[in-house]
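Keeping their order, the protein sequence lines are chains Z and R. Residue 546 in the numbering used here sits at position 147 of the first sequence; the count goes up by one each step and never skips. Residue 706 in the numbering used here sits at position 307 of the second sequence; the count goes up by one each step and never skips. Report on the following structure.
There are 2 protein chains.
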Amino acid sequence: MAKNILDTGIKLVKNVNRYNFGKGSLSELNIILDNRRELTINENNKRAVIFFIDEYFKNNMEPLSKIIFLNNDKIFYVNTKDEPHTEVIDEYKKEIINLGLEDPCAIVGIGGGISLDTSKAVSNILKNEGKASDYQGWDLLKNQGVFKIGIPTISGTGSESTRTCVLTNSSTGLKLGMNSDYTVFDHIIMDSELTKTVTRNQYFYTGMDAYIHCFESLNGNYRNAIGDAYSRESMRLCKEVFDSEEMMSDINREKLMVASYVGGCAIASSYVGVVHPFSAGLSVVLGIHHCIANCIVMRAMEQFYPMVYNEFWNMVEKQKIVIPAKVCDKLTDDEYECLYNSTIIHEKPLTNALGSNFKEILTKDNVINLFKMM
Amino acid sequence: MAKNILDTGIKLVKNVNRYNFGKGSLSELNIILDNRRELTINENNKRAVIFFIDEYFKNNMEPLSKIIFLNNDKIFYVNTKDEPHTEVIDEYKKEIINLGLEDPCAIVGIGGGISLDTSKAVSNILKNEGKASDYQGWDLLKNQGVFKIGIPTISGTGSESTRTCVLTNSSTGLKLGMNSDYTVFDHIIMDSELTKTVTRNQYFYTGMDAYIHCFESLNGNYRNAIGDAYSRESMRLCKEVFDSEEMMSDINREKLMVASYVGGCAIASSYVGVVHPFSAGLSVVLGIHHCIANCIVMRAMEQFYPMVYNEFWNMVEKQKIVIPAKVCDKLTDDEYECLYNSTIIHEKPLTNALGSNFKEILTKDNVINLFKMM
């Protein structure tokens with residue numbers, strides 16, 4: 400069943416080319432950048448590096464103090480209030496060209512999904528003509544982007560290992576990634592020291608992005624042995640971390656970093672399920688960030704994923720995490736309509752989860768009632 | 400403990416750049432090769448592809464019938480009686496140069512560890528001056544080799560995802576790989592249709608290469624979260640396959656292919672333990688192939704890995720596999736001495752398994768007695 404819509408083009412997988420792993424591995428960045436800088440324009444002018452760094456670090460640079468910045472490098476501190484918009488990516492491109500830095504030797508993203516996705520998108524758009532929105536979709540990029548390095552400072556989104564960078568186009572409302580082999584990082588550094596200062600709630604929400612994606616895949620109609628293997632291991636690591644007494648211990652921060660990476664690897668050869676379409680609704684209509692939106696959606700998932708539902712809420716309780724409630728309590732009819740539309744549009748994951756007749760289960764009334772449970 | 404010898408240079412990992420996965424994915428090879436061939440020397444002369452194919456297929460080409468060979472391509476059928484020797488690699492290089500094919504657009508290895516390692520070594524040596532033996536060791540290669548594609552037709556060695564190709568130098572007896580990022584395949588195709596015709600015993604021996612490597616890693620002193628994750632999942636898949644009623648069913652052949660790939664990924668960030676040093680002894684002194692040698696060594700591993708020992712022999716029994724016995728029964732004192740020496744030389748895995756005082760446990764008498772149990 401449902402072969403046509405699901406069995407499409409995910410047989411070829413592009414890996415992150417190289418990775419460093421382990422506490423303290425951030426210092427390897429300088430070696431990589433030194434090698435890249437040697438690709439000089441001329442003897443007096445080593446090529447610049449452009450950094451996209453989560454704005455949190457602007458006044459907290461200590462964790463990044465090992466990084467050697469040179470004079471002609473450019474640092475952008477990424478605002479994480481909003482998830483990345485195509486217009487913002489276009490503005491970065493313009494500013495970089497104005498600075499004469501359109502051919503940097505590397506782009507380095509340091510942060511969570513927002514900063515990493517921003518760095519991936521800018522890397523792509525610097526080597527492909529036009530605007531970011533031209534490349535939202537599948538395999539639209541024509542050229543390899545700038546050499547890009549990803550350094551996650553929070554674990555769970557898997558952005559470090561995926562072939563997408565999710566962008567919202569404000570004028571059309573479209574939230575869609577640049578899905579392309581060119582979007583994959585050339586190099587990533589997974590240093591669990593960098594996730595020490597994350598708040599407990601955020602650590603949980605983001606970690607659960609991996610967990611939720613993986614159980615959606617493992618409960619889907621579309622399955623394959625390699626996606627399953629990555630999903631199972633990622634989920635197992637998440638459970639170990641969030642079932643433990645101290646989810647943010649050194650070893651658990653390492654484990655969650657691995658869960659995020661292999662969770663990202665799973666995405667290449669699997670589909671999500673019911674959670675993500677509803678979560679997309681919350682993001683698009685109410686502007687709620689992806690990871691916390693996923694957790695909010697879990698309030699209404701008992702009927703679809705009963706076992707995981709219990710497991711999830713036990714972990715929430717054990718770690719004393721606050722999940723917002725009643726976020727869809729008093730909306731207008733138009734807003735509920737929008738929520739329904741921006742959920743039901745996600746045919747692939749819903750077919751994966753519920754079969755091709757998913758609209759019979761997810762009637763408009765049912766969808767709105769589910770949102771009212773959140 | 401034992402930090403000095405074990406904590407060395409395995410923080411940076413090079414992945415296979417791209418992979419295809421799934422039944423029937425072999426046909427993707429033609430697309431990849433078409434793209435590579437377009438890198439023409441001149442309009443009339445598309446560049447050749449060099450194939451290294453397990454000799455088994457010479458008279459059984461049906462499983463490979465989808466592959467489009469062009470006139471100027473060269474096929475070498477790889478003799479799998481012996482594991483690869485440096486001299487054989489040098490001879491391939493000479494012959495390829497004599498044929499005027501020293502700049503092929505791709506090298507394709509099709510087979511088990513022997514054929515894959517051969518193709519990796521030839522790819523390297525065509526772009527690096529001198530002999531294969533010059534590059535046995537760590538990070539000695541200077542240049543990127545020919546673009547190389549690996550297509551496993553049996554699962555377990557992990558050669559498809561590792562950064563080494565194990566070679567024996569006949570003149571020195573040294574068995575050591577070209578360990579280098581350059582050794583990693585650029586592309587691999589994992590098509591479980593290709594493992595259908597493997598004999599049951601060989602399927603088991605080779606699959607157990609992944610299983611054994613992984614439990615050695617997970618029982619070692621040197622551990623890290625990413626190596627552990629890969630090892631656990633690989634081992635879990637192997638157990639599912641070999642604990643099942645039909646280890647060679649379609650789904651189990653897919654699973655074992657994943658176990659092999661992620662097992663290979665684990666090797667990059669982990670060490671083996673007691674089995675591999677003893678197994679190397681059997682290979683070097685008695686010429687027994689690696690995978691079956693590992694299984695033979697398991698006869699003497701109860702004291703080191705009691706739980707896995709039972710699990711392993713239960714799987715042997717369940718699948719009705721023949722593991723040779725008494726292979727070290729009537730050797731000369733000199734031969735036992737050689738076995739001891741070629742085992743005890745493997746300091747890293749033995750330190751990983753038993754600590755830096757491993758020679759107190761593995762006295763010469765003990766080692767010889769263990770061999771006598773095999």
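Every residue, glycine too, gets a C-beta built ideally from N, C-alpha and C. Fair warning: this is a prediction, and the values are worked out from it, not measured in the lab.
Beta bridge counterpart(s) of residue i as assigned by DSSP
{"i": "Met577 of chain Z", "result": "Z:Gly536"}
{"i": "Val419 of chain R", "result": "A quick correction: the sequence has Asn, not Val, at residue 419 of chain R. Paired residues: Z:Leu411, R:Ile588."}
{"i": "Thr596 of chain R", "result": "In the DSSP output, where bridge partners are listed per residue, Thr596 of chain R has none listed."}
{"i": "Gly508 of chain Z", "result": "Z:Phe451, Z:Gly549"}
{"i": "Lys473 of chain R", "result": "R:Ile449"}
Own chain, CB closer than 8 Å to residue i, minus 5 neighbours either side, in chain order
{"i": "Lys771 of chain Z", "result": "Cys727, Asp728"}
{"i": "Asn623 of chain R", "result": "Ser668, Ser669"}
{"i": "Gln718 of chain R", "result": "Arg599, Phe603, Phe641, Met646"}
{"i": "Ile767 of chain Z", "result": "Tyr735, Leu738, Tyr739"}
Residues near residue i by beta carbon distance below 6 Å, same chain, minus five either side
{"i": "Asp489 of chain Z", "result": "Lys530, Ala531"}
{"i": "Ile551 of chain Z", "result": "It is worth fixing the name first, because residue 551 of chain Z is Pro in this sequence and not Ile. Contacts found: Glu559."}
{"i": "Ser514 of chain Z", "result": "Phe451, Asp453, Val477, Gly508"}
{"i": "Thr485 of chain R", "result": "Ala531, Ser532, Leu566, Asn568"}
{"i": "Tyr629 of chain R", "result": "Val661, Cys664, Ala665"}
{"i": "Tyr491 of chain Z", "result": "Val521"}
{"i": "Tyr534 of chain R", "result": "Leu540, Met577"}
{"i": "Pro462 of chain R", "result": "Leu593"}
{"i": "Lys465 of chain Z", "result": "Leu425, Ser426"}
{"i": "Lys711 of chain Z", "result": "For clarity, residue 711 of chain Z is Phe in the given sequence; the question names Lys instead. So the qualifying residues of the chain are Met697."}
Beta strand (DSSP E) segment containing residue i, residue limits
{"i": "Gly512 of chain R", "result": "Segment 512-525 is the alpha helix (DSSP H) holding Gly512 of chain R; no beta strand (DSSP E) there."}
{"i": "Pro551 of chain R", "result": "547-551"}
{"i": "Val565 of chain Z", "result": "565-567"}
Close beta carbons around residue i, own chain, < 7 Å, minus the five adjacent residues each side
{"i": "Gly408 of chain Z", "result": "Any answer about Gly408 of chain Z is weak, because its pLDDT of 47 lies below 50 and its placement is not dependable; what the coordinates show is given next. Answer for Gly408 of chain Z: no residue qualifies."}
{"i": "Ser633 of chain R", "result": "Ala609, Cys613, Ala658, Val661, Gly662, Ala665"}
{"i": "Ile431 of chain Z", "result": "Ile548, His586"}
{"i": "Gly423 of chain R", "result": "Asp590, Glu592"}
{"i": "Ile625 of chain R", "result": "Ser668"}
First through last residue of the alpha helix (DSSP H) which encompasses residue i
{"i": "Thr485 of chain R", "result": "485-497"}
{"i": "Phe468 of chain Z", "result": "It is not in any alpha helix (DSSP H) - Phe468 of chain Z carries neither H nor E in the DSSP assignment."}
{"i": "Lys758 of chain Z", "result": "757-760"}
{"i": "Cys737 of chain R", "result": "732-743"}
{"i": "Gly619 of chain R", "result": "Per DSSP, Gly619 of chain R belongs to no alpha helix (DSSP H) and is neither H nor E."}
{"i": "Asn434 of chain Z", "result": "427-436"}
{"i": "Tyr690 of chain R", "result": "Tyr is not the amino acid found at residue 690 of chain R; the sequence shown has Cys there. Taken as a continuous stretch (DSSP letters only), the alpha helix (DSSP H) holding Cys690 of chain R covers 689-696."}
{"i": "Pro676 of chain R", "result": "674-685"}
{"i": "Ala624 of chain R", "result": "624-641"}
{"i": "Phe770 of chain R", "result": "763-771"}
{"i": "Asn659 of chain Z", "result": "In the sequence under discussion, the amino acid at residue 659 of chain Z is Ser, which differs from the Asn named in the question. Per DSSP, Ser659 of chain Z belongs to the alpha helix (DSSP H) from 649-666."}
{"i": "Glu716 of chain R", "result": "705-718"}
{"i": "Ala752 of chain Z", "result": "746-753"}
Closer than 8 Å to chain B by CB, residue i
{"i": "Leu432 of chain R", "result": "No chain B appears in this structure, whose protein chains are Z and R."}
Can you list, in chain order, the residues of the segment 407-430 of chain Z whose Cβ is nearer than 8 Å to any Cβ on chain R?
-> Answer in chain order: Lys410, Leu411, Val412, Lys413, Asn414, Val415, Asn416, Arg417, Tyr418, Asn419, Phe420, Gly421, Ser424, Glu427.
Chain Z contacts made by the segment 486-518 of chain R, where a contact means CB separation under 7 Å | none
Taking a cut of 7 Å between CB atoms, which residues from the segment 609-633 of chain R lie near chain Z?
-> Asn623, Ala624, Ile625, Ala628, Arg631, Glu632
Is it a yes or a no for the segment 577-595 of chain R touching the segment 703-710 of chain R, going by three-plus beta-carbon pairs under 8 Å?
-> no
Check distances from the C-beta atoms of the segment 721-755 of chain R to those of chain Z and list, in chain order, the residues that come in under 7 Å.
-> none
Are at least three pairs of beta-carbons, each pair with one atom in the segment 672-681 of chain R and one in the segment 464-478 of chain R, less than 8 Å apart?
-> no
Contact residues within the segment 661-680 of chain R, judged by C-beta distance below 7 Å to chain Z = Val661, Ser668
Does the pairing of the segment 640-654 of chain R with the segment 684-701 of chain R give three or more beta-carbon distances under 8 Å?
-> no
Are the segment 408-424 of chain R and the segment 757-766 of chain Z in contact at 8 Å, needing three or more beta carbon pairs?
-> no
Give, in chain order, every residue of the segment 645-656 of chain R whose Cβ lies closer than 8 Å to some Cβ of chain Z.
-> Ile650, Glu653, Lys654, Met656
If you pair each beta-carbon of the segment 532-550 of chain Z with each one of the segment 570-586 of chain Z, do three or more pairs fall below 8 Å?
-> yes
Using 8 Å as the Cβ pair cut-off and three pairs as the minimum, do the segment 422-437 of chain Z and the segment 596-610 of chain Z touch?
-> no
Below 7 Å between beta carbons is the criterion; list the residues of the segment 464-480 of chain R that meet it against any residue of chain Z, in chain order.
-> none
With 7 Å as the limit, tell me which residues of the segment 535-552 of chain R have their beta carbon closer than that to any beta carbon of chain Z; keep them in chain order.
-> none
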